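Report on the structure given below.
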Amino acid sequence: MTELPEKLAFAVDYASDGARLDRRVAMASEDLSRVRVQELIKDGQCVVTRRQASSTIKDPSWRVKQDDIVELILPPPIDTTVTAQDIALDIIFEDDALLVVNKPAGMVVHPAPGSPDHTLVNALLAHCGDTLSGIGGEKRPGIVHRLDKDTSGIMVVAKNDKAHRGLSEQFAAHGQDGRMQRLYKALVWGVPLPAAGTVDMPLARATNNRKKIAISRAKTARHAVTHYRRQRQFANGQVSLVECRLETGRTHQIRVHMAHISHPVLGDKLYGSGMKSRAIHLTDAQKTALTALDRQALHAAVLGFEHPITGETHYYEAPLPADLQQLVEDLESTEMKLAT
1 MTELPEKLAF AVDYASDGAR LDRRVAMASE DLSRVRVQEL IKDGQCVVTR RQASSTIKDP
61 SWRVKQDDIV ELILPPPIDT TVTAQDIALD IIFEDDALLV VNKPAGMVVH PAPGSPDHTL
121 VNALLAHCGD TLSGIGGEKR PGIVHRLDKD TSGIMVVAKN DKAHRGLSEQ FAAHGQDGRM
181 QRLYKALVWG VPLPAAGTVD MPLARATNNR KKIAISRAKT ARHAVTHYRR QRQFANGQVS
241 LVECRLETGR THQIRVHMAH ISHPVLGDKL YGSGMKSRAI HLTDAQKTAL TALDRQALHA
301 AVLGFEHPIT GETHYYEAPL PADLQQLVED LESTEMKLAT
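Its first residue numbered 1, the sequence shown is counted upward by one per residue in this note's numbering.
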């Protein structure tokens, strides 16, 4: 049986007289983002009746008037073009609205030209199946934040538009409204001084290498703030374990900020190549463990958020994965604990 489209209908009240059509429709729906509303309007899915005359409006900026009747057709979500693949997932929590996963290092989050399959999204499509009610008109999981391929740790994924919208708002606020917490663990070269500090430096795409992000004062640079706290040091001060709390969530933010203060993340081939000489001070076992890591020593250890449907506080922790834990144990062979 063909699934019939749904409809959102409402009358414009006095308070909304003169408002933009897309803004007023988004206000009338708890589930649809303004971007999705704009897409539907442009696709000819919105009819406005004024003084008994109905017209299809395709301009999101069109102004509504009091007593207008607005009808928005909500077509059933289409099947995604991404292939579902049966890939094992470490699922920490799941309900009808979202799921929380512990992503392993080496897994790309979303298909891209260089990684067309075997991504987190491919795995989620196979796991969720028909429980996905659609994100932006497509039956797919809603990715509201990302982790680099070689960064491990906790991610939350939305199953429907309402959850996607609620989580996106929290990530956009970067925890400044108290709803979200994001903490990372990283092993970095050297001993950061002071033991706790803040790196407040804007970031932009590097002009000489499009794969890199750089500190920038250009107008296109984006505000970026990382708070770090040193927890332990190892190998006679050659390596430290730090905790990083994000006030913003920019691409490669922790990796660039820690490198900027001369404490790049261990194993970071993109931003830490200039610190290779430090490895000569490690023991043979420590060098072997570092070589075996073959990725940046960065882990998304904590994620806290407000459930977008129930309003309940959710808080999750993921311990260091086996490769980072092994590296820590080898570094501990000459560990020098900090005084507390």
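For every residue, glycine included, the Cβ atom is placed at its ideal position computed from N, Cα and C.
Computed from a prediction, not measured in an experiment: that's the story for all the values here.
Cα-Cα separation, residue i to residue j
i, j, result
"A301", "D200", "22 Å"
"P232", "E6", "One point to set straight first is that residue 232 is Arg, not Pro, in the sequence displayed. Between R232 and E6, the C-alpha separation is close to 56 Å."
"A339", "G153", "At A339 the pLDDT is 37, less than 50, meaning the model places this residue with poor confidence; the figure from the coordinates comes in the next sentence. Between A339 and G153, the C-alpha separation is close to 29 Å."
"L327", "L21", "56 Å"
"L4", "P76", "Any answer about L4 is weak, because its pLDDT of 49 lies below 50 and its placement is not dependable; what the coordinates show is given next. Answer to the nearest angstrom: the Cα atoms are 7 Å apart."
"K139", "L282", "50 Å"
"R179", "E306", "6 Å"
"G249", "R24", "30 Å"
"S54", "L132", "34 Å"
"A297", "K58", "49 Å"
"H257", "R210", "18 Å"
"A88", "H110", "16 Å"
"I213", "Q45", "40 Å"
"D330", "Q286", "5 Å"
"P321", "A28", "44 Å"
"T288", "S333", "13 Å"
"L120", "E247", "25 Å"
"K337", "D323", "Residue placement at K337 is poorly supported in this model, since its pLDDT is 40, which falls under 50; the coordinates are not used for a value here."
"Q253", "E71", "43 Å"
"N208", "D294", "25 Å"
"D43", "P60", "11 Å"
"T310", "V144", "18 Å"
"G106", "K149", "5 Å"
"L308", "H174", "Checking the sequence shown, residue 308 turns out to be Pro, not Leu. P308 and H174: Cα-Cα distance of roughly 15 Å."
"Q325", "A292", "12 Å"
"F171", "N102", "18 Å"
"G129", "G166", "22 Å"
"H263", "R229", "13 Å"
"R63", "I41", "13 Å"
Simplified DSSP assignment, three categories, for residue i
i, result
"S33", "coil"
"Y271", "coil"
"R278", "helix"
"N160", "strand"
"I309", "coil"
"I261", "coil"
"A285", "helix"
"S133", "coil"
"A339", "Because A339 carries a pLDDT of 37, less than 50, the predicted location of this residue cannot be relied on, and no value is offered for it."
"H127", "helix"
"Q326", "helix"
"L320", "coil"
"I87", "coil"
"V256", "helix"
"A121", "It is Val, not Ala, that sits at residue 121 in the sequence shown. Looking at V121 - three-state DSSP - the assignment turns out to be helix."
"S341", "The structure shown does not extend to residue 341, since the chain is modelled only from 1 through 340, so no value can be given for it."
"S61", "coil"
"Q170", "helix"
"T56", "strand"
"R146", "coil"
"M107", "coil"
"R250", "coil"
"R20", "strand"
"R295", "coil"
"R165", "helix"
Cβ shell of residue i (< 8 Å), same chain only, five flanking positions each side left out
i, result
"T83", "D117, N122, L125"
"A26", "L32, S33, R34, V37"
"K65", "V12, D17, G18, R50"
DSSP bridge partner residues for residue i (one or two, in chain order)
i, result
"Q38", "Q38 pairs with nothing; no bridge assigned."
"F93", "V100"
"D200", "V225"
"D79", "K139"
"H314", "F305"
"E71", "A9, V47"
"Y415", "The structure shown does not extend to residue 415, since the chain is modelled only from 1 to 340, so the question has no answer here."
"S216", "Per DSSP, none; premise fails for S216."
"Q233", "S240"
"A112", "S115"
Cβ-based neighbour list, residue i, same chain, cut-off 6 Å, excluding 5 preceding and 5 following
i, result
"H164", "I135, G142, A158"
"E335", "Annotation note: pLDDT 48 at E335 (below 50); position unreliable, no value reported."
"G137", "P77"
"A218", "A204"
"V191", "Q233, G237, S240"
"T151", "L298"
"D86", "A126"
"V225", "D200, E247, T248"
Contact test: residue i Cβ vs the ligand ZN heavy atom, cutoff 7 Å
i, result
"P192", "Among the ligands in the structure shown, none appear at all, so the ligand ZN cannot be discussed."
7 Å Cβ shell around residue i - same chain, five flanking residues per side excluded
i, result
"H260", "V199, M201, I215"
"A221", "P202, L203, A204"
"E30", "K162"
"H127", "L89"
"G197", "Y228"
Query raised in the report: Is the stretch 169–188 touching the stretch 234–251, taking contact as three or more C-beta pairs under 8 Å?
Result: Under the Cβ criterion (8 Å, minimum of three pairs), the stretch 169–188 counts as touching the stretch 234–251.
Requested in this report: Flag this pair as touching only if the stretch 306–318 and the stretch 251–268 have three or more C-beta atom pairs under 8 Å; answer yes or no.
Outcome: Verdict: no, contact absent.
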